[in-house]
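To start, the structure itself, in structure tokens.
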Amino acid sequence: LQMPEGTVSNLLVLNSKGEVIDTLTEQTNQRLLDFGTFGNNGIWVITVDTGGISPEYKFSTYRYDPQKRITVSHNESGQIIYRPVFGENTISLVCSDEIIAIDYTGKEQRRTRVNGYEYLASSSGSKAEDVLLAKLDAAGNRIPDFDELLCVNSQGQAFKLNVNEPVVSAAV
Numbered sequence: 063l064q065m066p067e068g069t070v071s072n073l074l075v076l077n078s079k080g081e082v083i084d085t086l087t088e089q090t091n092q093r094l095l096d097f098g099t100f101g102n103n104g105i106w107v108i109t110v111d112t113g114g115i116s117p118e119y120k121f122s123t124y125r126y127d128p129q130k131r132i133t134v135s136h137n138e139s140g141q142i143i144y145r146p147v148f149g150e151n152t153i154s155l156v157c158s159d160e161i162i163a164i165d166y167t168g169k170e171q172r173r174t175r176v177n178g179y180e181y182l183a184s185s186s187g188s189k190a191e192d193v194l195l196a197k198l199d200a201a202g203n204r205i206p207d208f209d210e211l212l213c214v215n216s217q218g219q220a221f222k223l224n225v226n227e228p229v230v231s232a233a234v
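Take 63 as the starting number for the sequence shown in the numbering used here and just add one per residue.
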């Protein structure tokens, strides 16, 4: 839940009873871009800090069990972080140029280049670590009748898939 207050936004964290248990407030030069929940008691937040020479994007997770604690923090200054995919052992941060895999302490595991592709879907379930991306045109827009997908697996390997070829079966 985001509640505008002048030019500053607050993110209200509610428990299962609807009670406010925390308020995350934007800092100076910081903007909240996206947020969501994960697991039974966690939230994730993506912010951008515009106070420097170039924007810096930050991904953070917080767990509330029973006290709030920051569990993951990752900063990125060369590209936009726009989607986390939570897996069993890693969090895949889908960015404008790469997918960055980090563990649940925030330590970077690997980077996979994904220039020219945009998040489409990920494996479902608690062990989701495979990411499917759709091809973009030269202007950065998703191609309506795309014929090529990129699948990045849990080891960071990227596979191009041509959707016009007949597929007997596939597994990721």
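For every residue, glycine included, the Cβ atom is placed at its ideal position computed from N, Cα and C.
(1) Could you tell me whether the stretch 144 to 159 touches the stretch 109 to 116, where touching means 3 or more Cβ pairs closer than 8 Å?
(2) Where DSSP assigns a beta bridge to K197, which residues make up the other side?
(3) Which residue from Y179, S135 and D192 puts its Cα closest to that of A201?
(4) Since Y221 sits in a beta bridge, which residues does DSSP pair it with?
(5) If L198 sits next to R204, beta carbons under 8 Å apart, how far is it from one beta carbon to the other, in whole angstroms?
(6) Report back the beta-carbon spacing between F97 and L73 to the nearest angstrom; my notes put them in contact at under 8 Å.
(7) Consult DSSP for I108 and reduce its assignment to one of helix, strand or coil.
(8) Taking 8 Å as the cut-off, decide whether the C-beta atoms of I109 and R93 are in contact.
(9) Should V193 and S184 be called a contact, given that it needs their Cβ atoms to be closer than 8 Å?
(10) Give me the Cα-Cα distance between T167 and G218, rounded to the nearest whole angstrom.
(11) Per DSSP, what kind of secondary structure is E128 in: helix, strand or coil?
(12) CA-CA distance, S78 and T133?
(13) According to DSSP, is F208 helix, strand or coil?
(14) Per DSSP, which one or two residues make a beta bridge with S122?
(15) Count the other CB atoms within 10 Å of the CB of S154; is the residue buried (16 or more) or exposed (fewer)?
(16) Between T90, K169 and G140, which has its C-alpha nearest S122's C-alpha?
To lay it out plainly:
(1) No: fewer than three Cβ pairs fall under 8 Å.
(2) Position 135 of the sequence shown, counted from the first residue, corresponds to residue 197. Its beta-bridge partners are Y179.
(3) The residue labelled residue 201 in the question sits at position 139 within the sequence shown. For A201, the nearest C-alpha among the options comes from Y179.
(4) Working through the sequence shown from its first residue, we reach residue 221 at position 159. First, the residue type needs correcting, since residue 221 is Phe and not Tyr in the sequence shown. Answer by DSSP bridge pairing, in chain order: C213.
(5) Within the sequence shown, residue 198 is the residue found at index 136, counting from 1. Within the sequence shown, residue 204 is the residue found at index 142, counting from 1. Contact check for L198 and R204: beta-carbon distance about 6 Å, within the 8 Å limit, so the pair qualifies.
(6) Locating residue 97 in the sequence shown gives position 35, counting from the first residue. Locating residue 73 in the sequence shown gives position 11, counting from the first residue. Between F97 and L73, the beta carbon gap of about 6 Å places them in contact (Cβ cut-off 8 Å).
(7) Here residue 108 refers to the residue found at position 46 when the sequence shown is read from its first residue. Strand.
(8) Taking the sequence shown and counting its residues from 1, one reaches residue 109 at position 47. Taking the sequence shown and counting its residues from 1, one reaches residue 93 at position 31. One detail in the question is off: residue 109 reads as Thr in this sequence, not Ile. Going by C-beta atoms, T109 is nearer than 8 Å to R93.
(9) Position 131 of the sequence shown holds residue 193. Position 122 of the sequence shown holds residue 184. In this structure, S184 lies closer than 8 Å to V193 by Cβ.
(10) The count along the sequence shown starts at 1 and reaches residue 167 at position 105. The count along the sequence shown starts at 1 and reaches residue 218 at position 156. Computed Cα separation, rounded: 19 Å.
(11) The count along the sequence shown starts at 1 and reaches residue 128 at position 66. Glu is not the amino acid found at residue 128; the sequence shown has Pro there. DSSP, reduced to helix, strand and coil, places P128 outside both helices and strands of the structure shown, so it counts as coil.
(12) Translated into the one-based positions of the sequence shown, residue 78 becomes position 16. Translated into the one-based positions of the sequence shown, residue 133 becomes position 71. Each residue's alpha carbon lies about 21 Å from the other.
(13) Locating residue 208 in the sequence shown gives position 146, counting from the first residue. Note: F208 maps to coil in three-state DSSP.
(14) Position 60 of the sequence shown, counting from 1, holds the residue named residue 122. Beta-bridge pairing links S122 to V107 and S135.
(15) The count along the sequence shown starts at 1 and reaches residue 154 at position 92. With 16 or more neighbouring CB atoms inside 10 Å of its own CB, S154 falls in the buried class.
(16) Numbered from its first residue, the sequence shown carries residue 122 at position 60. The shortest Cα separation from S122 among T90, K169 and G140 belongs to K169.
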